Amino acid sequence: MAKEMNTSIYHPAHETSNWKYATQGLVGGLKGARKGVYSNSLGFAGPEFTEAAEIVALGCSYTYGEGVPPGSSWSDFVSKKTNMTLHNLGSSGKGVPFEINCFFEYVKKFGNPKIVLCLFPDFIRMEIASRSYQMRPQKEYRINGPVPTLDQDEEVITYGVCPQPTYEGRPKYLKTPVVAEEIMPLEMGLMLSIQYIKMLEAYCNTNNIKLIWTTWLTGQNIWLNNNKDKGYFRNYFNFNETEWHQRVEDLGKDVLCNRFHRKGTECTTEFLCHEEYREEHRLGFDISLDVKISRTATLNGHSGVHKHIHWAEFFVKEINDYNIGS
Amino acid sequence: MKLNSDDLWYESSYPIESQISDWSEECNKYGYRTGEINSCADIVSLGCSMTFGLGVEPGDAWPDLLAKDLDMSVHNLAGCGKSVMWNINKFFSYANKFGNPKVLVCLFPEFTRIEVSSKTSHMYPRYNHFPKHDLKDDKIIRYGIWNQKNKFNTGKGIFIAEDTIPSELSFDISVQYIKMLEMYCNTNNIKLFWGTWSDSESHWLDQNIELTEFKNYISLGMNDWHFDKDNGMKEVYKKDCHLDQSELKNFYYSKDANTAPTPHFGLHRNIHIAEDFKKEILSWQKK
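Rendered as structure tokens:
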């Protein structure tokens with residue numbers, strides 16, 4: 028049972044604990060990454076961070092390397108191909124604001140890298156702080172830290188949410204604790220992501236840091252590419268996501284094709300390349316290690332090594348051709 | 376989700392040209408209460424109505440007094456009712472278009488204000504200026520809310536933003552934005568000084584600044600002031616000073632002392648704020 032509403036005037040600045048989490052950074056900042064099997068003590072893939080690397084990679088689970096063996100994510104390939112040191116700040120499930128906040132925390136601690144590469148997720152993801160008995164995420168594992176019970180009414184929790192992508196089926200009544208994914212407006216996540224990216228661009232462009240960012244979400248990429256001339260961003264570069272599909276008939280194989288098909292079922296021309304990696308990675312070359320296919324033939328999972336190699340080649344090419352706004 | 380809303384992308388980038396002001400006759404063509412903006416000024420000021428100068432005549436707001444004292448040019452980008460987030464976004468748009476100023480001075484409001492974007496069929500602000508047909512047409516709107524209390528009253532949607540956006544979230548975001556602003560300024564050779572007039576924030580920061588990583592916060596002594604309710608909301612400082620200017624308009628009584636429940640700052644407090652910032656700038660210039 029939810030507790031009775033406390034309607035007394037409340038201001039977060041009254042509480043030292045609120046300042047503590049707010050100044051730590053979104054959802055714990057650098058300490059807020061979800062720990063994986065192969066992560067360092069902070070929760071990021073790869074070795075411990077002791078000093079600034081030449082390259083910093085930002086992103087979500089794709090960048091962390093979910094779905095591929097350790098050492099085979101796009102950022103690992105970039106590091107090998109450029110022979111430069113790289114720290115991978117990719118963190119599973121996180122939104123653009125978290126990732127950029129982590130970058131600023133990193134810079135504060137270790138200094139500026141020479142290059143920042145970003146493979147951003149959907150822009151509607153966001154990080155939230157709320158009092159636990161008033162608003163919670165749908166999935167409690169997203170809460171950063173212990174999950175308070177409903178009678179711990181003054182507990183403030185921080186968590187990431189991926190709001191429901193449409194407004195259909197959302198509740199018309201508020202019942203506490205409200206579900207963050209159902210209540211938070213999609214447009215708010217999008218607005219925050221845009222603003223954080225703009226601040227990242229401003230910081231990098233005035234600090235002589237090469238910033239190259241793109242996104243793996245096809246619709247987002249198409250829109251950004253079609254509207255490049257409007258000048259919303261200076262450091263966005265287009266990775267042609269429309270050439271890639273996960274084909275259900277082939278257990279979710281990533282297919283590189285010549286044109287966009289929503290489900291990859293109509294691909295007639297499949298480009299084969301990078302065959303030299305196939306033997307080393309076997310099934311994981313084409314298919315993500317975590318791919319699942321539901322009864323309704325819906326795919327769920329990340330990408331195989333092949334696509335990571337293409338992401339890496341895209342970033343390496345842009346590093347070499349670097350010219351912002353191109 | 377459809378990403379093809381030009382308005383959303385454009386508005387989310389907070390273009391410097393699109394300020395809307397109810398006091399347009401006192402403002403420049405972009406909607407700021409400052410001179411026309413054609414190139415970068417020496418000083419840029421950020422804030423809400425207190426920095427806009429709603430309690431004083433045009434030219435008497437603290438950024439104007441500060442610039443006059445230091446013989447430097449100023450662009451006052453303050454917006455009435457606006458949040459930390461709005462201000463910092465505007466600053467980045469300004470810097471992107473006109474370059475970096477030498478000095479950035481900010482008098483921020485309470486950190487629980489926030490800018491929201493939402494579809495009108497899902498959420499809109501309690502106090503809104505949107506035409507009724509806009510709300511009916513299921514448009515995406517952007518607005519600021521003053522999010523001082525958490526209410527979460529149960530009830531039927533369409534949801535009221537002030538009731539549903541957690542004030543912890545807006546507080547958190549304001550702190551993040553200031554952190555990013557500090558990093559930008561400190562690596563770009565911009566001298567940043569920021570403070571806040573909000574009692575809650577300044578009280579905590581004055582006592583606990585060492586617990587934070589903020590490097591550019593200054594205390595503006597806001598707790599030394601109060602409005603005397605028994606004396607027509609006269610603005611009272613802890614001691615008598617600036618008596619030679621006390622005959623000037625709005626010195627003790629701000630322009631809205633008779634009309635607003637909590638008036639804006641009058642000339643006396645604007646002079647003090649300008650002096651506090653001036654002291655910091657001069658001490659930095661000496662170094």
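Protein chains in written order, with the numbering used here: chain V, 28 to 353; chain C, 376 to 662.
Ideal Cβ positions, reconstructed from N, Cα and C, are used throughout, including at glycine.
This structure is a prediction, so every number in the text was calculated from the model and none was measured.
Nearest Cα to G596(C) within the set K554(C), W569(C) and S458(C): W569(C). For S220(V), the uninterrupted alpha helix (DSSP H) run begins and ends at L213 to T233, by DSSP. Here E268(V) is actually not in contact with L283(V); their C-beta atoms are around 11 Å apart, not less than 8 Å. With the criterion set as a beta carbon lying under 9 Å from some beta carbon of chain V, the members of the region 583-601 of chain C are N583, L586, T587, E588 and F589, in sequence order. By the neighbour-count definition (other C-beta atoms within 10 Å, threshold 16), Y592(C) is a buried residue. The region 51-59 of chain V makes contact with the region 122-138 of chain V; the number of CB pairs closer than 8 Å reaches 3 or more. Against chain C, a Cβ distance below 7 Å from Q222(V) picks out S387 and N464.
Taking one beta carbon from each stretch, the region 614-622 of chain C and the region 404-420 of chain C have fewer than 3 pairs nearer than 8 Å; the two do not touch. Interface residue (Cβ-Cβ distance to chain V less than 8 Å): M498(C) is classified as such.
Legend: CB atoms of the region 158-181 of chain V lying less than 7 Å from CB atoms of chain C belong to residues R158, Q161 and M162. At least one CB of chain C lies nearer than 8 Å to the CB of K135(V). By the C-beta density criterion, N606(C) is exposed, having fewer than 16 other C-beta atoms within 10 angstroms. With a threshold of 8 Å between beta carbons, T269(V) makes no contact with chain C. Distance between S493(C) and F546(C), taken at the CA atoms: about 19 Å.
Contact between T233(V) and N265(V) fails: their C-beta atoms lie close to 24 Å from each other, not under 8 Å.
In the DSSP assignment, L567(C) forms a beta bridge with L479(C).
Residue-level contact by beta carbon holds for W384(C) and chain V, with a gap shorter than 8 Å. In this structure, S321(V) keeps its C-beta atom at 8 Å or more from the C-beta atom of G331(V). As summarised for the region 492-555 of chain C, the continuous alpha helix (DSSP H) elements at least 4 residues long and confined to that stretch are 507-511 and 536-539, given in chain order. Within chain C, the residues whose beta carbon sits less than 9 Å from that of Y230(V) are M555, M558, Y559, T562 and N563, listed in sequence order. Distances from the alpha-carbon of F71(V) to those of T245(V), K202(V) and F130(V) put F130(V) closest. Listed along chain C is no residue with a C-beta nearer than 9 Å to that of P140(V); the closest approach is about 13 Å. Between the C-alpha atoms of K457(C) and V134(V) there is a straight-line separation of about 29 Å. The C-beta separation of T185(V) from A156(V) comes to about 5 Å, placing the pair in contact by the 8 Å criterion. Distance from the CA of R158(V) to the CA of W572(C), rounded to the nearest whole angstrom, comes to 26 Å. Put simply, the backbone Cα of T77(V) is about 44 Å away from that of D538(C). Within chain C, the residues whose beta carbon sits less than 8 Å from that of A156(V) are P541, E543, L544, F546 and D547, listed in sequence order.
C-alpha of W579(C) to C-alpha of T43(V): approximately 8 Å in a straight line.
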